[in-house]
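Colleague: Residues in the sequence shown are numbered consecutively from 796, following my numbering.
Where a beta carbon is used, it is the ideal one built from N, C-alpha and C, also for glycine.
Note that the structure is predicted; figures quoted are calculated from it, not measured.
My structure is below; once you've seen it, I'll send some questions.
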Amino acid sequence: MKILEITKNYGPGIFFCLIIGLAVNFGYNFLGLQLLDPLITSLIIGIVVRTFFKKLQVFSIGSNWSGKGLLEFAVMLMGATISFQKVFISGIWLFILILIAVFGGMLIAYFMGHKVLGLDKKTATLVGVGNSICGNSAVIAVAPVIKAKPSQIAAAISFSAILGAGQIILLPFLVPMLGISNYDYGIIAGISVYAVSQVVAASSVIGELSASVATTVKLTRVLFLGPLVVFLGFLFDASRRKSSSGTEIKTTKRNDFNLVKIRQFLPWFILGFILLAILRSTGTISDSIGQNVFGVTKIIFSVSMVGIGMGVDIREIVNLGPKIALTVLSIMGFMISVGIVGTSILVLTR
């Protein structure tokens, strides 16, 4: 009886998100659609449903789960796509440059977005990870860890993706303006552009070498996602515990303390993420399986984005817009500057 009740409550919303998410992916993969990105398209559809089709809110229980529980499952699966030893594929000095860009971008997001412009800490964090690491995927991976609201996720993704698209058009002008080589331009594009697809677009217009270097640098940035997710889990959980009474910990039996502590700092999906990443790094999960898992996670992410969109109040996104735009532009400016200065220094090490 309980199973029937759960199916009745959750089933319609989950099925609705599943149909929309699969339809979006079918359109992009089989019909050759080039508009926006599957994740953004799914998000927009969810927001439109929430805004204009009030009767479809009967699906809210299932769509809320799709935007949270299914999202967490997809984040766990992402661990199978990450190989730790590939972090050093670009060489130690380039790795250090990428490290500076990633964590510098996070600091810019915190101080400019949160401290100066007054963005809430979760939105500033999502904007930071999206623009510092790997776009939409990073935002979606971090969101359940810091317990971000759908409106915060949608705002971070939508404005970052739009401004990131602008880089595709403007960034190539650096080559004639500064006399940058194709190799160095690839580093700058790989360090500064928002999403992987945007990196390819912004670099391939210059040449094959630029595209190859930019993609390698971008994928190296992606590898910071795992450690950063774990770090933010500790950071935000410590912040929540500091602001609360802490009665749960005090009343917990001594023998259960370590287990409780692990569960608080490392949710089940992050533990699964780490385990799968270890298996991927040791070769237990092969390259081909990792690539297949990546394809599956993209579809699950699309389904989740429909659910997230259905939980978004469009007015919250509009209110956050100018602050997010300024924060994103500040991060982009920093990342491009790091790329330009860094490539000048790297010339001396070649």
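May I ask you to report which of helix, strand or coil DSSP gives Thr-1046?
Modeller: Here Thr-1046 scores only 42 on pLDDT, less than 50, and its place in the model should not be relied on; the value that follows carries that caveat. Residue state, collapsed to three classes: helix.
Colleague: Take the Cβ of Val-1136 as the centre, count every other Cβ of all protein chains shown within 10 Å, and call the residue buried at 16 or more, exposed below.
Modeller: Exposed, since its Cβ has fewer than 16 Cβ neighbours within 10 Å.
Colleague: Let me know the secondary structure DSSP gives Asp-1108 once reduced to three states.
Modeller: If DSSP states are grouped into helix, strand and coil, Asp-1108 belongs with coil.
Colleague: Expressed to the nearest angstrom, what Euclidean distance is found between the alpha-carbon atoms of Phe-1019 and Leu-799?
Modeller: Looking at the two C-alpha atoms, the distance is approximately 42 Å.
Colleague: Could you check where the alpha helix (DSSP H) with Tyr-980 kicks off and where it finishes?
Modeller: Residues 977-987.
Colleague: DSSP on Asn-1053, reduced to helix/strand/coil?
Modeller: With a pLDDT of 46 at Asn-1053, under the threshold of 50, the modelled position of that residue is not reliable, and no figure is offered here.
Colleague: For Asp-1108, which residues of its own chain have a beta-carbon under 7 Å away from its beta-carbon, when the five flanking residues on both sides are left out?
Modeller: For Asp-1108, where only same-chain residues beyond five positions count, the Cβ hits under 7 Å are Ser-946.
Colleague: Would the beta-carbon of Gly-857 fall within 8 Å of that of Pro-939?
Modeller: Going by C-beta atoms, Gly-857 is not nearer than 8 Å to Pro-939.
Colleague: Considering only residues of the same chain and omitting the five flanking positions on each side of Ile-1001, which have a CB-CB separation below 7 Å?
Modeller: Closer than 7 Å at the Cβ level, and outside the excluded window around Ile-1001, lie Pro-967, Val-970, Asn-977, Tyr-980.
Colleague: Is it buried or exposed for Pro-1022, if we count other Cβ within 10 angstroms and need 16 for buried?
Modeller: The residue in question, Pro-1022, is exposed, as its Cβ has fewer than 16 Cβ neighbours within 10 Å.
Colleague: Taking three-plus beta-carbon pairs below 8 Å as touching, is the region 813-828 in contact with the region 1080-1089?
Modeller: Verdict: no, contact absent.
Colleague: Exposed or buried, Ser-861, counting other C-beta atoms within 10 Å across all chains shown (16 or more means buried)?
Modeller: It is buried - the Cβ of Ser-861 has at least 16 other Cβ atoms within 10 Å.
Colleague: When DSSP labels each residue in this structure, what does Ala-875 get in the three-state scheme?
Modeller: Ala-875: helix per DSSP, three-state reduction.
Colleague: Alpha carbon to alpha carbon, what distance is there between Ser-1034 and Leu-921?
Modeller: If I take the Cα positions, the gap works out to 16 Å.
Colleague: Within a Cβ cutoff of 8 Å, which residues of the same chain sit near Ser-1120, ignoring the five residues on either side of it in sequence?
Modeller: Correcting the residue identity first, residue 1120 is Ala in this sequence and not Ser. Counting only Cβ-Cβ distances below 8 Å, and skipping sequence neighbours, we find Phe-954, Leu-958.
Colleague: Is the Cβ-Cβ distance between Gly-1028 and Thr-1010 less than 8 Å?
Modeller: No.
Colleague: Quick check on the DSSP output: the alpha helix (DSSP H) that includes Met-901 runs from which residue to which?
Modeller: Per DSSP, Met-901 belongs to the alpha helix (DSSP H) from 887-903.
Colleague: Let me know the secondary structure DSSP gives Leu-1070 once reduced to three states.
Modeller: DSSP places Leu-1070 in helix when its eight states are reduced to three.
Colleague: In angstroms with no decimal places, state the Cα-to-Cα distance between Ile-1080 and Thr-1092.
Modeller: Each residue's alpha carbon lies about 16 Å from the other.
Colleague: Which residue comes first and which comes last in the alpha helix (DSSP H) that contains Val-922?
Modeller: That run of the alpha helix (DSSP H) goes 916-924.
Colleague: Whose C-alpha, out of Ile-1095, Phe-847, Pro-1117, Leu-892, is nearest the C-alpha of Met-907?
Modeller: Checking every option, the nearest Cα to that of Met-907 belongs to Pro-1117.
Colleague: I need the straight-line Cα distance from Lys-1045 to Ser-837, nearest angstrom please.
Modeller: Any reading at Lys-1045 must be qualified, since the residue scores a pLDDT of 45, below 50, and its modelled position is unreliable; the value itself is stated next. In a straight line, the C-alpha of Lys-1045 is about 43 Å away from that of Ser-837.
Colleague: Roughly how many whole angstroms lie between the Cα atoms of Lys-888 and Ile-895?
Modeller: Note that residue 888 corresponds to Trp in the displayed sequence, not to Lys. The straight-line gap from Cα to Cα measures roughly 11 Å.
Colleague: May I ask which residues mark the beginning and end of the alpha helix (DSSP H) holding Gly-961?
Modeller: Here the alpha helix (DSSP H) through Gly-961 covers 945-965.
Colleague: Does DSSP put Gly-913 in a helix, in a strand, or in coil?
Modeller: Of the three classes helix, strand and coil, the one that applies to Gly-913 here is coil, per DSSP.
Colleague: Throw me the rounded Cβ distance for the Gly-816 and Val-1098 pair, which I believe falls under 8 Å.
Modeller: That belief holds up - the Cβ atoms of Gly-816 and Val-1098 are roughly 3 Å apart, short of 8 Å.
Colleague: Please report the Cβ distance between Ile-1103 and Ala-949, rounded to the nearest whole angstrom; I am assuming they are in contact, meaning their Cβ atoms lie under 8 Å.
Modeller: About 6 Å; that satisfies the 8 Å criterion.
Colleague: Considering only C-alpha positions, which residue in the set Met-1100, Met-1127, Ile-1140 is nearest to Leu-813?
Modeller: Ranking the options by Cα distance to Leu-813, first place goes to Met-1100.
Colleague: For the alpha helix (DSSP H) containing Val-843, name the first residue and the last one.
Modeller: Per DSSP, Val-843 belongs to the alpha helix (DSSP H) from 833-847.
Colleague: Leaving out five residues on either side along the sequence, give the residues of the same chain with a beta carbon under 8 Å from the beta carbon of Arg-1016.
Modeller: These residues qualify, in order along the chain: Ile-893, Ala-896, Val-897, Ser-927, Ile-928, Cys-929, Gly-985, Ile-986.
Colleague: Among Ala-875, Phe-854, Val-819, whose alpha-carbon lies nearest the alpha-carbon of Leu-1071?
Modeller: Checking every option, the nearest Cα to that of Leu-1071 belongs to Ala-875.
Colleague: Within a Cβ cutoff of 6 Å, which residues of the same chain sit near Ile-952, ignoring the five residues on either side of it in sequence?
Modeller: Correct list, in chain order: Asn-931, Val-934.
Colleague: Please work out which residues of its chain come closer than 7 Å, Cβ to Cβ, to Ser-1125, disregarding the five sequence neighbours upstream and downstream, and give them in chain order.
Modeller: Once the five neighbours on either side are set aside, the close Cβ partners of Ser-1125 are Ile-903, Met-907.
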